[in-house]
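Student:
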Amino acid sequence: MLSSLALLVLACLIRGSLQQTECESQYGGHCRGLFGSSCNPGELQTLSHCGFLNFCCYSDPSTAHVTHAPGHVSHGNGHCGVPEVSRIVGGSRAVAGEFPWQVSLQYNQGHMCGGTLIDDQWIATAAHCFEDTNLGNWDVVMGGIDNYNVYQKQVHKIANIIRHASFNSRTNAHDIALVKLSQPIAEGRLLKPACLPASGENFDNVVCTVTGWGSTHTDGPSRRYLEKVNIPVITNSMCKYYLGNVVFDHNICAGLTAGGKDACQGDSGGPLVCKTGSVWKLAGIVSWGYGCGDRATPGVYTRVSSFLSWIEGVKAKY
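With mature numbering (1 follows the signal peptide of the UniProt record, and there is no 0) applied, the sequence shown covers -19 to -1, 1 to 299.
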């Protein structure tokens, strides 16, 4: 008798919940009952936005309106953001000089994080890379793509590590740091800074490039060769739709909803660069994500355009 009553109550709940037919989401979609239903081919699903015992089926919003960035005047010294090596479309391994701003931050001679050369003496990276700020334990390696080839790369000492004062290791808010080299570098074919974006510059729906020596899968080892992947930037509202309110306005998100392309462990602190006109700009710094290239879990980056005043202030002070 009790089991029959429980089934009756459950049936009523399901019938009542199915009265809601549209997902309560800015991306629309339609609700389906949790039992005996499925989404149409090509649709994504989430347990949010449809109430009790329902799920939402919706079209992939990241596949619409993907563009390339328009040309803008670069925010830099006129020499930044233009590699002397042509970019190889469709490849996964970078070639020497293709991303001359990419550096490896090495802790006790092992790759720990990526970073981006933003002028001849400063590196932009993630604050969460530096649990240990003892300068003697760190080196900056640049000029090569093969982390095992000691003859191809240049090793530089660090004069200072400045983490953002508001960095929160629990939430990864304000996840940005600057590293000052002990000596300026000489720019050339293999060493050249990326340009900084303009204040408020928007890269939504632009296909950008992330590079690094991080692993190819969750908990995997770092790679020997510098890798690259093209991924679209998505709006922050879409990113919050997937990840929730853990995404801040000073973040920028990128990735394919279907997954498979993303930054990963060891890529932390490295660049997300977007090409505008003929120059590459540092749009984001690899910060965090759930897994590596998982479905409907975009990568989260520090939005560099939100920290231009802080960057200039640090460089002026130190």
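Just so it is clear, CB atoms sit at the ideal spot from N, CA and C, and this is done for glycine as well.
#1: In this structure, how does DSSP classify W291 when only helix, strand and coil are distinguished?
#2: Starting from the Cα of D120, find the closest Cα among N141, G181 and Y299 and give me that residue.
#3: If I'm right that R205 touches Y88 with Cβ under 8 Å, what's the distance once you round it to whole angstroms?
#4: Count the other CB atoms, across all protein chains shown, that sit within 10 Å of the CB of K262; report buried if there are 16 or more and exposed otherwise.
#5: DSSP three-state call for L224: helix, strand or coil?
#6: Does the region 250 to 265 touch the region 183 to 194, meaning 3 or more C-beta pairs lie closer than 8 Å?
#7: Quick check: the region 148 to 163 against the region 265 to 272, are there 3 or more CB pairs under 8 Å?
#8: Apart from the five residues just before and just after S287, which ones in its own chain have a Cβ nearer than 6 Å to its Cβ?
#9: Are at least three pairs of beta-carbons, each pair with one atom in the region 96 to 110 and one in the region 161 to 172, less than 8 Å apart?
#10: For R284, name the three-state secondary structure that DSSP assigns.
#11: Using a Cβ-Cβ cutoff of less than 8 Å, which residues in the same chain neighbour A154 once the five nearest sequence positions on both sides are dropped?
#12: Go ahead and pull the three-state DSSP assignment for G218.
Tutor: Let's see:
#1: helix
#2: N141
#3: Wrong, their Cβ atoms sit about 18 Å apart, outside the cutoff.
#4: buried
#5: helix
#6: yes
#7: yes
#8: H231
#9: yes
#10: strand
#11: S147, F148, F229 and H231
#12: The question names Gly, but residue 218 is Ser in the sequence shown. Helix at S218.
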